[in-house]
Each structure stands twice: as structure tokens, then as C-alpha cells.
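Chemist: I'd like to ask some things about the structure below.
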């Protein structure tokens, strides 16, 4: 995939990763990475709010805080992150927990930061609206708590649970379909 072929959803996803990560520019600088589940939670929030138009979510087993749970994950979002890694816009870091469980974290690259600057203002505005505090409209940060990721307002301190682990019940109707099986006669 070429940078000129990036979809609107991919642009918004790269802006989202840029918002929550930062590469180091000098040896003294601190790098900031966003872990996979908080990123997936933010993508889920964007899907529910209509920020990501062509993404959807489906229940998927994930490891979170030492337990395996179902979470609403966007495969389109995961694919776009992988594509952006191939283009050199995003980097991945594999971390091991104290219980030897591997966790991925993502960070925008300097090339990714340069690319984000060229995106239309409407994409930046869409991500800003998605991340605005529900009480005061201020900027939020994400925090992984024991039960789920939460958005924490940097200005008023309001916290909002991101419902990535609340799996929707999808109603469906099924009926048995018995096909005729022809067995040879004895």
C-alpha cells in the first residue's frame, strides 16, 4: 500500500496513534507507546461514535490484565495498523508481563508524524471530537484499569469506561436443515 492510497479511516487511525504515542527525538527524551488493548478500545469507541465509517467490531478472545476475555475488536483497524507498520508510519514493541504473557504496544514514527501533519483538518477534528470529555469537552488520556480501559479527562478528572468488553447480543433465528442422505441399499 502506498501513502497516497491511505483511506480516511486509516488517516484517522494514524492521528489517533499520534495522539497517544511519541517517539524520542534525543537520548534523554521519553518514548510514549500505546498498548494494543487500549488502542483497540479507542478504535471500538470510534466505531460506536461513527468516527471510523468502514470499521466494525466482532467479539474476539484477548488477554487483559492476566485473564482471557472476549472483547469487541476491529479487524479492519488491526489490518490498517499492520499496513501502517509496513509503510514505516507506526512501530510495534513486544513486551512481556511478569507472568510471561506477551503484549504489543504501538508508537508513531517520525515519518508518521510528518504524514499526519498533511492530513485534512476534518480528520483531526473527527478524532478530537471522539476523544472529547463528555462533561467539559477537554482532552482525555486512556488508563487501563482492572475491569476495562477508561478515558480520564486531563482538565476535570471525569472518567468514562470504554465498553470494549461489553459484548452485544445479536438476535438471530435458526432452524435445523437436514439434507437427505442417500445410502446404498443392502
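Residue numbers (the numbering used here): 480 to 665. Where a beta carbon is used, it is the ideal one built from N, C-alpha and C, also for glycine. Because the structure is a prediction, the values reported are computed rather than measured.
Under DSSP, the alpha helix (DSSP H) around residue 516 begins and ends at which residues?
Modeler: Residue mapping note: residue 516 aligns to position 37 of the chain shown, counting from 1. Per DSSP, residue 516 belongs to the alpha helix (DSSP H) from 515-528.
Chemist: Are residue 621 and residue 502 close, meaning C-beta to C-beta below 9 Å?
Modeler: Residue 621 sits at position 142 when you count from the first residue of the chain shown. Residue 502 sits at position 23 when you count from the first residue of the chain shown. Going by C-beta atoms, residue 621 is not nearer than 9 Å to residue 502.
Chemist: Is it the case that the Cβ atoms of residue 613 and residue 629 are separated by a distance below 9 Å?
Modeler: The count along the chain shown starts at 1 and reaches residue 613 at position 134. The count along the chain shown starts at 1 and reaches residue 629 at position 150. Not closer than 9 Å, so no.
Chemist: Could you work out which residue in 573, 626, 652, 651 is closest to residue 547 when comparing CA atoms only?
Modeler: Numbered from its first residue, the chain shown carries residue 547 at position 68. Taking only the C-alpha atoms, the option nearest residue 547 is 626.
Chemist: Whose CA, out of 583, 566, 579, lies closest to the CA of residue 572?
Modeler: Position 93 of the chain shown, counted from the start, is the residue given in the question as residue 572. Per the Cα distances, 583.
Chemist: Would you give the residue range spanned by the alpha helix (DSSP H) that residue 568 belongs to?
Modeler: To locate residue 568, count along the chain shown from 1; it is residue 89. No alpha helix (DSSP H) contains residue 568, which DSSP labels as neither H nor E.
Chemist: Which same chain residues, not among the five before or five after residue 581, have their C-beta less than 6 Å away from its C-beta?
Modeler: As a working note, residue 581 is residue 102 in the chain shown. Closer than 6 Å at the Cβ level, and outside the excluded window around residue 581, lie 573, 575.
Chemist: Hey, could you find the ends of the beta strand (DSSP E) residue 586 is sitting in?
Modeler: The residue you call residue 586 lines up with position 107 of the chain shown. From DSSP, the beta strand (DSSP E) with residue 586 extends over 581-587.
Chemist: Just to confirm, is the Cβ distance from residue 523 to residue 647 under 9 Å?
Modeler: As a working note, residue 523 is residue 44 in the chain shown. As a working note, residue 647 is residue 168 in the chain shown. In this structure, residue 647 does not lie closer than 9 Å to residue 523 by Cβ.
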